[in-house]
Ligand SMILES: [Fe+2]
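In this note's numbering, the protein residues as written are 231 to 506.
Here you go:
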């Protein structure tokens, strides 16, 4: 799997505080089946964007430490940028805020507001040849209440990354259902961990992949967890064919979710019977 969103670099943001913790996250990600993980520390303001040049150096140091431990995991540089005009200033100044050497940029989605001028920012990035990837919009309470506000953005080429933890219900029912809705509308292009630690917010993609296989099938799951991430690494275009918003699909999807959960629960029951 390729994980395009994580906070694995030590001493950069609210991720790990030490290199040892970062190695532990890497160990968990590799054991979970991740081959490449993008290190995407939060950056919000001009003075933080100036430190984007440090990300590659920090990635190199972490990669060396991971290799020394015999952990098979590639780390790629990136940034999770907070949407503001400072992003455009950073891009225009040539600061390395995109994902590796691609023209994709991971845009943070605030949980409680849609920042002023957000739509304009997306279009301004696109006119500079950059494709924004909106991180975890399913967690935004504003978007949970009115998911159709994403429609004009995805229909004009913005991509969407949802968190593995959302489909597992870790951020609550609203986030889970909103991700379901996005999946049904083909508004999701990546599933990523947004890992922050080796504890509660650890990288756990494989569990989400199992759930996605059940819900959307093998082809779409592979696009979300493997192929589209690989396209970023290769500098290729990520395909996108979003459907028009339809509130009816929400009901249909919920039925599928309930059926899927029943399957999961009966499997768990089966496993516990086998163990006992
Ligand atoms: Fe994040």
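Note that beta-carbon positions come from the ideal geometry of N, C-alpha and C, so glycine has one too.
With 16 other CB atoms within 10 Å as the buried threshold, where does residue i fall?
{"i": "residue 277", "result": "exposed"}
{"i": "residue 343", "result": "exposed"}
{"i": "residue 262", "result": "buried"}
{"i": "residue 471", "result": "exposed"}
{"i": "residue 308", "result": "buried"}
{"i": "residue 391", "result": "buried"}
{"i": "residue 506", "result": "Reliability fails at residue 506, whose pLDDT of 22 lies under 50, so the model's placement of it is uncertain and the value that follows must be treated cautiously. It counts as exposed."}
{"i": "residue 464", "result": "exposed"}
{"i": "residue 430", "result": "exposed"}
{"i": "residue 264", "result": "buried"}
{"i": "residue 441", "result": "buried"}
{"i": "residue 345", "result": "exposed"}
{"i": "residue 254", "result": "buried"}
{"i": "residue 280", "result": "exposed"}
{"i": "residue 244", "result": "exposed"}
{"i": "residue 275", "result": "exposed"}
{"i": "residue 382", "result": "exposed"}
{"i": "residue 323", "result": "exposed"}
{"i": "residue 437", "result": "exposed"}
When you compare only the Cα positions, how much space is there between residue i and residue j?
{"i": "residue 236", "j": "residue 404", "result": "22 angstroms"}
{"i": "residue 385", "j": "residue 298", "result": "45 angstroms"}
{"i": "residue 295", "j": "residue 246", "result": "15 angstroms"}
{"i": "residue 355", "j": "residue 338", "result": "14 angstroms"}
{"i": "residue 328", "j": "residue 377", "result": "26 angstroms"}
{"i": "residue 347", "j": "residue 313", "result": "9 angstroms"}
{"i": "residue 357", "j": "residue 389", "result": "15 angstroms"}
{"i": "residue 473", "j": "residue 350", "result": "22 angstroms"}
{"i": "residue 406", "j": "residue 369", "result": "8 angstroms"}
{"i": "residue 249", "j": "residue 476", "result": "46 angstroms"}
{"i": "residue 448", "j": "residue 374", "result": "26 angstroms"}
{"i": "residue 259", "j": "residue 287", "result": "21 angstroms"}
{"i": "residue 256", "j": "residue 238", "result": "8 angstroms"}
{"i": "residue 330", "j": "residue 460", "result": "12 angstroms"}
{"i": "residue 266", "j": "residue 306", "result": "7 angstroms"}
{"i": "residue 272", "j": "residue 240", "result": "12 angstroms"}
{"i": "residue 458", "j": "residue 380", "result": "20 angstroms"}
{"i": "residue 371", "j": "residue 411", "result": "14 angstroms"}
{"i": "residue 444", "j": "residue 435", "result": "14 angstroms"}
{"i": "residue 446", "j": "residue 315", "result": "37 angstroms"}
Tell me the DSSP bridge mates of residue i?
{"i": "residue 389", "result": "363"}
{"i": "residue 422", "result": "393"}
{"i": "residue 435", "result": "For residue 435, which the question treats as bridged, DSSP gives no partner whatsoever."}
{"i": "residue 236", "result": "425"}
{"i": "residue 278", "result": "Note: residue 278 sits in no beta bridge, so no partner."}
{"i": "residue 287", "result": "Answer by DSSP bridge pairing: none, since residue 287 is not bridged."}
{"i": "residue 311", "result": "273 and 337"}
My output table needs one value for residue i: the three-state DSSP class, helix, strand or coil.
{"i": "residue 266", "result": "strand"}
{"i": "residue 260", "result": "helix"}
{"i": "residue 242", "result": "coil"}
{"i": "residue 354", "result": "helix"}
{"i": "residue 273", "result": "strand"}
{"i": "residue 468", "result": "coil"}
{"i": "residue 459", "result": "helix"}
{"i": "residue 447", "result": "helix"}
{"i": "residue 452", "result": "helix"}
{"i": "residue 319", "result": "helix"}
{"i": "residue 294", "result": "helix"}
{"i": "residue 477", "result": "helix"}
{"i": "residue 248", "result": "coil"}
{"i": "residue 384", "result": "helix"}
{"i": "residue 253", "result": "helix"}
{"i": "residue 345", "result": "coil"}
{"i": "residue 326", "result": "coil"}
{"i": "residue 301", "result": "coil"}
{"i": "residue 400", "result": "coil"}
Where do the ends of the beta strand (DSSP E) carrying residue i lie?
{"i": "residue 305", "result": "304-307"}
{"i": "residue 335", "result": "334-337"}
Taking residue i as part of the alpha helix (DSSP H), name the residues at either end of that continuous run.
{"i": "residue 369", "result": "Note, residue 369: premise wrong, no alpha helix (DSSP H); not H, not E."}
{"i": "residue 414", "result": "403-414"}
So that I know if they touch, is there some Cβ in chain D lying closer than 8 angstroms to that of residue i?
{"i": "residue 401", "result": "The chain labelled as chain D is not found in the depicted structure, where only one protein chain is given."}
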